[in-house]
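In what follows, a structure is listed as structure tokens, so that the remarks can point back to it.
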Ligand code: S3P
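Here is the structure:
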């Protein structure tokens, strides 16, 4: 069922209950792409239900990969050689699809065009074009290195590369390209980003080594299919964690959530602000940590997020900024310039919507400072066509005075189609 595009959020009394989240988006993309290259049939349970990962599956079937998807969230992928698609590959809203697939397409013996929606067509692609071109691919892009991309694959050469921006998508694209390269790639990132690309390659049987922020991988390795359950998406869980954090006396249990240390920094931040958080039943599956998280809200203190922490929390910063007025001292976010080139300019979108709700906000080039002890009031919110903005302000609205109308709320389906239904079930109005 398609949710309505405008949704009203009423002020809430509390948040309580238990949730199991759909599979992590970052891992779903990577397992699907590697499954499409591996020998055998890859079987993935709890695959992401978001439109972004559907864009990846659509692109893979266009290059001839056999995919079956059941109603129970199981996706089966038959690894096979890829063939030239008859039409451009539509990546929809998904930067992950375009950037990570480019790594694989750079090594295929055909030419392919990658397109996206209006938001994706504004996003920077030079960051993947540069290293993949150095490896031997020919890539043409629109003005300013924006989509569409036209990639002519080629036998590739490994590279030694220092990433100019901290981006796990670019790191993964280079590692995926290395599967089709001669020699050994060494890559260094300016700060540690999510390591699902490395862990996924190892899960599918590839060898690589990691030391600090450096990854080394030899080209030409073959992959074997896997069976896996995908851990719940912690970036989707973030909205409920922050919702629960807002209500002293709340009690929320999130089952089987991804606890990879490169993704779980939000738990430390909420703990530091005063929430009670415990993690039990910690297990490892294909190198990824999974656990059950219990959270109880509190009076939140506020915090500063900067440097490597901003990179680690990049997808969680909109919701943290959206709840910042309810903290006692506020939240300052620095070193997060990347937020300006996400699905929307997330710094501008957060600042505009907080102001619409009556808050004072200081917007900066690389972040925001949101003073604390401010009471938000219900207002009209513009999602800016960005899933994380729509969900972040649904959370902020729970403690506002009066109703909040979120325009363009349907965009939540990009990562989490069930978000509003689950929120409704967890909230006491
Ligand atoms: C992702 C990396 C991050 C993140 C995106 C998913 C990934 O993007 O914002 O939602 O799966 O590697 P960047 O690589 O552009 O930082």
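Numbering (this note's numbering), first residue to last: 1 to 429.
Beta carbons: idealized from backbone N, C-alpha and C, even for Gly.
Taking only the alpha-carbon atoms, compute the straight-line gap between residue i and residue j and give it to the nearest angstrom.
i, j, result
"residue 145", "residue 175", "21 Å"
"residue 284", "residue 22", "18 Å"
"residue 79", "residue 95", "23 Å"
"residue 286", "residue 63", "27 Å"
"residue 357", "residue 236", "23 Å"
"residue 212", "residue 192", "8 Å"
"residue 413", "residue 317", "19 Å"
"residue 70", "residue 37", "21 Å"
"residue 427", "residue 128", "42 Å"
"residue 170", "residue 268", "26 Å"
"residue 330", "residue 368", "11 Å"
"residue 150", "residue 101", "12 Å"
"residue 301", "residue 216", "41 Å"
"residue 378", "residue 337", "28 Å"
"residue 280", "residue 385", "36 Å"
"residue 119", "residue 72", "31 Å"
"residue 75", "residue 44", "5 Å"
"residue 7", "residue 353", "15 Å"
"residue 425", "residue 247", "16 Å"
"residue 253", "residue 416", "18 Å"
"residue 259", "residue 319", "19 Å"
"residue 196", "residue 347", "26 Å"
"residue 98", "residue 91", "6 Å"
"residue 289", "residue 230", "11 Å"
"residue 164", "residue 59", "28 Å"
"residue 5", "residue 409", "5 Å"
"residue 16", "residue 244", "7 Å"
Can you find a heavy atom of the ligand S3P that lies under 6 Å from the Cβ of residue i?
i, result
"residue 413", "no"
"residue 384", "no"
"residue 168", "yes"
"residue 70", "no"
"residue 121", "no"
"residue 236", "no"
"residue 314", "yes"
"residue 310", "no"
"residue 96", "yes"
"residue 28", "no"
Grab the span of the alpha helix (DSSP H) containing residue i for me, first residue to last.
i, result
"residue 387", "387-397"
"residue 421", "419-426"
"residue 103", "95-105"
"residue 127", "126-135"
"residue 197", "196-203"
"residue 486", "As displayed, the chain neither begins before 1 nor continues past 429, which places residue 486 out of reach and without an answer."
Go ahead and pull the three-state DSSP assignment for residue i.
i, result
"residue 375", "coil"
"residue 15", "strand"
"residue 147", "strand"
"residue 120", "helix"
"residue 41", "strand"
"residue 211", "strand"
"residue 285", "strand"
"residue 407", "strand"
"residue 380", "strand"
"residue 157", "strand"
"residue 368", "strand"
"residue 87", "coil"
"residue 280", "strand"
"residue 414", "helix"
"residue 74", "coil"
"residue 233", "coil"
"residue 81", "coil"
"residue 323", "helix"
"residue 295", "strand"
"residue 20", "strand"
In the DSSP assignment, find the unbroken beta strand (DSSP E) run with residue i in it and report its ends.
i, result
"residue 161", "160-162"
"residue 251", "251-258"
"residue 361", "It is not in any beta strand (DSSP E) - residue 361 carries neither H nor E in the DSSP assignment."
"residue 187", "184-188"
"residue 168", "Run containing residue 168: none in the beta strand (DSSP E); it sits in the alpha helix (DSSP H), 168-178."
"residue 142", "138-142"
"residue 332", "331-333"
"residue 35", "Here residue 35 belongs to no beta strand (DSSP E); instead the alpha helix (DSSP H) covers 25-35."
"residue 316", "Where residue 316 is concerned, there is no enclosing beta strand (DSSP E), given that its DSSP letter is neither H nor E."
"residue 115", "111-115"
"residue 8", "6-9"
"residue 66", "66-69"
Let me see if you follow: with CB-CB separation under 7 Å, is residue i close to chain D or not?
i, result
"residue 389", "The structure shown contains no chain D; it holds only a single protein chain."
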